[in-house]
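Q: Take a look at the following structure, please.
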Amino acid sequence: MALRPSTKLIELLAIRLSPQAGKSLVIRTGLLHIMVGLLLLAQASVAGAVLSIEIIGAGEHQIPVAIVPFGGDDKLSQAVNAVVVSDLQRSGLFRLVDPTGKSPHESAEVKYPDWQLRGADALAIGTVTVVPNGRIEAHFHLLDVVKQAELVGQSVSAKEDQVRAVGHRIADLIYEKLTGDKGVFGTRIAYVNRQGQKFSLVVADSDGYNEQIVLAQNEPIMSPAWSPDGSHLVYVSFETGHAVVYVQSLFTNQRLVLADFSGSNSAPAWSPDGKHMAIVLTRDGSSQIYLIRPDGSGIRRITFSGAIDTEPSFSPDGQTLLFTSDRGGSAQIYSMAVEGGAEQRITFGDGDSYSPRFSPDGKGFVYTHFSNGKFQIAAQDFQSGQVEFLTTGGWEKKPSFAPNGKLILFASEARGRGILATVSSDGRVQQHMFTQSGDAREPVWGPHL
Amino acid sequence: MKKLIISIVLLNLLAACASEKPKEVEAPAPTPAPVVAAPEAAPAPAAVVEVDPLNDQSNILAKRSFYYPFDVSAVQDTDKPAVAAHAKYLSEHADRKVRLEGNADERGSNEYNLALGQRRADGVKKMLVLGGAKASQIETASYGEEKPKASGHDETSWSQNRRTDIKY
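Chains A and W supply the protein sequences, listed in that same order. Its first residue numbered 87, the first sequence is counted upward by one per residue in the working numbering. Its first residue numbered 347, the second sequence is counted upward by one per residue in the working numbering.
Structure (structure tokens):
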């Protein structure tokens, strides 16, 4: 359970984001056609948002890769390149080899010995152009420098204001080919921004850019959670004077009241098959866990402790729930079968434990650990029971896994503000994302689209 | 001082009234709103003014917030007399309704703190009902750590944020 060796600051980026109105987007990559209707959000994007990202630490085995500045339209290719480079750097898994002085844009122009000399294992080249219908088109190749062979050759196209999406897609392709894991740069996150008495529910790219406001009001918003297909958010809002659970479509912005019983309605979690949600109600006494259908019907109580039972999290197979309970005298993590059965305590030792989330492979979970006045992100493996602290401790809460299980998003604090942060699942690389203003709270990573 | 005497007299009167009636009977008298006669160019003579004890800053009912240690939701001994007084007042004013708002400090998870705030409010509700108030007079809600009264990140602020407010 030793803490990670001291991490050092290796990179600091500050990038200015121009406000972009969200519109529909089609990304075309080979045979893959993805409609990303998420961007149909009716509300305007956050105007003039400025974000800065700090990366701390580095992965153990970094893959040396050279990203050659893309050819074609100067401005566009620079923008796409910046996103690709930033995504790969952020992951901590790559060492970027300096491409200065060489600028091949086609496979035929590549002289492999140049890149072997510079120590690159892989090389990304390409061009970005505006095609006659106004769309952006990127042609890109990933080459294996050692084997002198092409690993990927693809075209990615998108509407002109979706430069970042093109960059994320290319970064995902590089990441997937070189690490064997699915990339998550193109996924989205949701969080709550608090600024004084103003609260907004925000959806953004995984790097915090391209923020879209889903709901803005003067009453608190809590606990956003994604539907498994990424089309809806379920969350808690206090707009009627108490905690009520709402489900909202990210395509149409239409929403329905999922649960509005007396007392508090909260802690929604969507089952992996999308057919149920677990929520917490106080209508029958203390905070207890219930199952409910996404249309608000079929409500059924599943815990009967009389203590606080909250923060349910479904296992990837939908059979098991982890949750927080204080039935033993302090807040700890428990496990139970969704269909009922013995409930088992699974966190022990000093302090309190909150906010469990299953890992996507179901083999472990992350949670918030509190002791000696400090909150930190911890991970536990089911089989060995071993606990690993992924962060060194401060005010780090509410972890959630990226869909590939390699990164964990959490709420942190720096310079007196609530910020978004990620840590790699081995604890080696951390990233801090500073939004323009206010406190970022309650982040949650969305699914692959 | 005069206010205090008046309110004591009034309390006694109310108490007397209450004890004469069987509890189940729905209060028939819509308690003639004990409104303070507005002193429209009030003449000097010391008129006897009826004061709703709720509006009397020196009455125990003026205590509208109850505080807790960390992760505790039981009403503390120091607050019990005030909660009991509110229970009595509600039992004697069937037309009055209250809202109990539970709060927590920022330590813990947001959801756990929401549950804790709710348990604090529900704990006060239980005492009010035991003291004679009707459950239908009482609504409870929790804001958890979402609406801190004090914004600091230390015990001074936290102690103010671990709180149930009773709102008439």
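Each residue gets a CB set at the ideal place from its N, CA and C atoms; glycine is no exception.
Determine the DSSP secondary structure at K434 (chain W), reduced to helix, strand or coil.
A: What you label residue 434 (chain W) is simply residue 88 of the second sequence in a count that begins at 1. Of the three classes helix, strand and coil, the one that applies to K434 (chain W) here is helix, per DSSP.
Q: Could you tell me whether the Cβ atoms of I406 (chain W) and V470 (chain W) are closer together than 8 Å?
A: Taking the second sequence and counting its residues from 1, one reaches residue 406 (chain W) at position 60. Taking the second sequence and counting its residues from 1, one reaches residue 470 (chain W) at position 124. No.
Q: What would DSSP say about H362 (chain A), mapped onto helix, strand or coil?
A: Here the question's residue 362 (chain A) lines up with position 276 in the first sequence. Of the three classes helix, strand and coil, the one that applies to H362 (chain A) here is coil, per DSSP.
Q: Hey, does A431 (chain W) have any beta-carbon neighbour from chain A nearer than 8 Å?
A: Your numbering for residue 431 (chain W) matches position 85 in the second sequence. Cβ-Cβ to chain A under 8 Å: no for A431 (chain W).
Q: Looking at C-alpha atoms only, which residue of A:L336, A:M363, A:E499 and A:S357 is the closest neighbour of L344 (chain A)?
A: Within the first sequence, numbered from 1, the residue matching residue 344 (chain A) stands at position 258. Of the listed residues, the one whose Cα sits closest to L344 (chain A) is A:M363.
Q: Mind checking the stretch 323–340 of chain A against chain W and listing, in chain order, the residues whose C-beta falls within less than 9 Å of any C-beta there?
A: Within the stretch 323–340 of chain A, the qualifying residues are F324, G327, H328 and A329.
Q: Counting only Cβ pairs nearer than 9 Å, list the residues of chain W close to F520 (chain A).
A: Start at 1 with the first residue of the first sequence, and residue 520 (chain A) comes out as number 434. Simply none; closest approach about 19 Å.
Q: Within the same chain, show all residues whose beta-carbon is closer than 6 Å to that of A329 (chain A), passing over the 5 residues directly before and after it, in chain order.
A: In the first sequence, the residue the question calls residue 329 (chain A) occupies position 243. Result list for A329 (chain A): V322, S350, N351 and S352, in chain order.
Q: Taking DSSP as the reference, what is the three-state secondary structure of L228 (chain A)?
A: Within the first sequence, the letter at position 142 stands for residue 228 (chain A). L228 (chain A): strand per DSSP, three-state reduction.
Q: Residues of chain W with CB closer than 8 Å to the CB of F456 (chain A), please, in chain order.
A: By 1-based counting over the first sequence, the position of residue 456 (chain A) is 370. Chain W residues near F456 (chain A): R453 and G454.
Q: Would T486 (chain W) pass as an interface residue toward chain A - the criterion being a Cβ-Cβ separation below 8 Å?
A: Counting from 1 along the second sequence, the entry for residue 486 (chain W) is found at position 140. For T486 (chain W), the answer is yes, since a Cβ of chain A falls inside 8 Å of its Cβ.
Q: Taking Cβ-Cβ distances shorter than 7 Å, what residues in chain A pair up with Q464 (chain W)?
A: For the purposes of this step, residue 464 (chain W) is taken as the residue at position 118 of the second sequence. G349, S350, T368 and S373, listed in chain order.
Q: Pull out every residue of the stretch 417–438 of chain A whose Cβ sits closer than 8 Å to any Cβ of chain W, in chain order.
A: So the list reads A417 and D438, given in the order they occur along the chain.
Q: Looking at chain W, is there any beta carbon in it that lies within less than 8 Å of the beta carbon of M308 (chain A)?
A: To locate residue 308 (chain A), count along the first sequence from 1; it is residue 222. Contact of M308 (chain A) with chain W is assigned, a C-beta pair being separated by under 8 Å.
Q: State the CB to CB distance for the pair Y458 (chain W) and Y440 (chain A), rounded to an integer number of angstroms; the pair is presumed to be in contact (CB under 8 Å).
A: Position 112 of the second sequence, counted from the start, is the residue given in the question as residue 458 (chain W). Position 354 of the first sequence, counted from the start, is the residue given in the question as residue 440 (chain A). Correct: roughly 5 Å between the Cβ atoms.
Q: For the stretch 387–411 of chain A, which residues have a CB atom closer than 7 Å to at least one CB atom of chain W, in sequence order?
A: I394, T396, E397 and T410
Q: Who pairs with Y376 (chain A) in a beta bridge, going by DSSP?
A: Position 290 of the first sequence, counted from the first residue, corresponds to residue 376 (chain A). In the DSSP assignment, the residues bridged to Y376 (chain A) are A:I365 and A:R387.
Q: For the 8 Å Cβ check, are there 3 or more pairs between the stretch 137–144 of chain A and the stretch 210–227 of chain A?
A: no
Q: Can you check whether the C-beta of P494 (chain W) is within less than 8 Å of a C-beta belonging to chain A?
A: Position 148 of the second sequence holds residue 494 (chain W). Closer than 8 Å: no.
Q: Kindly indicate if chain W contains any beta-carbon less than 8 Å away from that of E482 (chain A).
A: Position 396 of the first sequence holds residue 482 (chain A). Output row for E482 (chain A): interface = no.
Q: Below 8 Å between beta carbons: does that hold for S411 (chain A) and I432 (chain A)?
A: Locating residue 411 (chain A) in the first sequence gives position 325, where the first residue counts as 1. Locating residue 432 (chain A) in the first sequence gives position 346, where the first residue counts as 1. Result no, Cβ atoms of S411 (chain A) and I432 (chain A) do not sit closer than 8 Å.
Q: Just mark H191 (chain A) as buried or exposed, buried being the case when its beta carbon has 16 or more other beta carbons within 10 Å.
A: Position 105 of the first sequence, counting from 1, holds the residue named residue 191 (chain A). Classification for H191 (chain A): buried.
Q: Look up A423 (chain A) in the DSSP assignment and give the residues it is bridged to.
A: The residue given as residue 423 (chain A) occupies position 337 in the first sequence. Beta-bridge pairing links A423 (chain A) to A:T406.
Q: Given this structure, state the Cα-to-Cα distance separating G360 (chain A) from P380 (chain A), to the nearest angstrom.
A: The sequence position of residue 360 (chain A) within the first sequence is 274, counting from 1. The sequence position of residue 380 (chain A) within the first sequence is 294, counting from 1. About 8 Å.
Q: Run through DSSP, which three-state label would K426 (chain W) get?
A: Within the second sequence, residue 426 (chain W) is the residue found at index 80, counting from 1. The answer is helix: DSSP assigns K426 (chain W) an H, G or I state.
Q: Just how far apart, CA to CA, sit A497 (chain A) and N279 (chain A)?
A: Position 411 of the first sequence, counted from the first residue, corresponds to residue 497 (chain A). Position 193 of the first sequence, counted from the first residue, corresponds to residue 279 (chain A). One C-alpha to the other measures close to 11 Å.
Q: For R527 (chain A), which of A:M519, A:P533 and A:H534 has the nearest alpha-carbon?
A: Here residue 527 (chain A) is taken as the residue at index 441 of the first sequence, counted from 1. Residue A:M519 is the option with its Cα nearest to R527 (chain A).
Q: Note down, in chain order, every chain W residue with its Cβ under 7 Å from the Cβ of Y440 (chain A).
A: For the purposes of this step, residue 440 (chain A) is identified with residue 354 of the first sequence, where counting begins at 1. Within chain W, the residues G454, S455 and Y458 have their CB atoms less than 7 Å from the CB of Y440 (chain A), given in chain order.
Q: Between which two residues does the alpha helix (DSSP H) containing A165 (chain A) stretch?
A: Here residue 165 (chain A) refers to the residue found at position 79 when the first sequence is read from its first residue. Annotation for A165 (chain A): the continuous alpha helix (DSSP H) segment containing it runs D160 to S177.
Q: Report the residue from A:D436, A:S470 and A:N458 whose alpha carbon sits nearest the alpha carbon of F451 (chain A).
A: Counted from its first residue, the first sequence places residue 451 (chain A) at position 365. Comparing Cα-Cα distances from F451 (chain A) to each of A:D436, A:S470 and A:N458, the minimum goes to A:S470.
Q: Which same chain residues end up closer than 6 Å to L535 (chain A) when comparing Cβ atoms and leaving out the 5 residues on each side of it in sequence?
A: Indexing the first sequence from 1 puts residue 535 (chain A) at position 449. Closer than 6 Å at Cβ, skipping near neighbours: G316.
Q: Pairs of beta-carbons, one from the stretch 495–508 of chain W and one from the stretch 473–485 of chain W, closer than 8 Å: are there three or more?
A: no
Q: Smallest Cα separation from I296 (chain W): which of W:V429, W:D425 and W:V397?
A: Residue 296 (chain W) lies beyond the residue range present for chain W, which begins at 347 and ends at 514; the question has no answer from this structure.
Q: Any idea if Q517 (chain A) is buried or exposed, counting beta-carbon neighbours within 10 angstroms, 16 or more meaning buried?
A: Here residue 517 (chain A) corresponds to residue number 431 of the first sequence, with the count starting at 1. That one is buried.
Q: How long is the line joining the alpha carbons of K472 (chain W) and T273 (chain A), rounded to whole angstroms?
A: Position 126 of the second sequence, counted from the start, is the residue given in the question as residue 472 (chain W). Position 187 of the first sequence, counted from the start, is the residue given in the question as residue 273 (chain A). When the Cα atoms are used, K472 (chain W) and T273 (chain A) turn out to be separated by approximately 47 Å.
Q: Keeping to the same chain, check which residues put their C-beta closer than 8 Å to that of F461 (chain A); ignore five residues upstream and five downstream.
A: Residue mapping note: residue 461 (chain A) aligns to position 375 of the first sequence, counting from 1. T454, H455, G479, G480, W481, E482 and K483.
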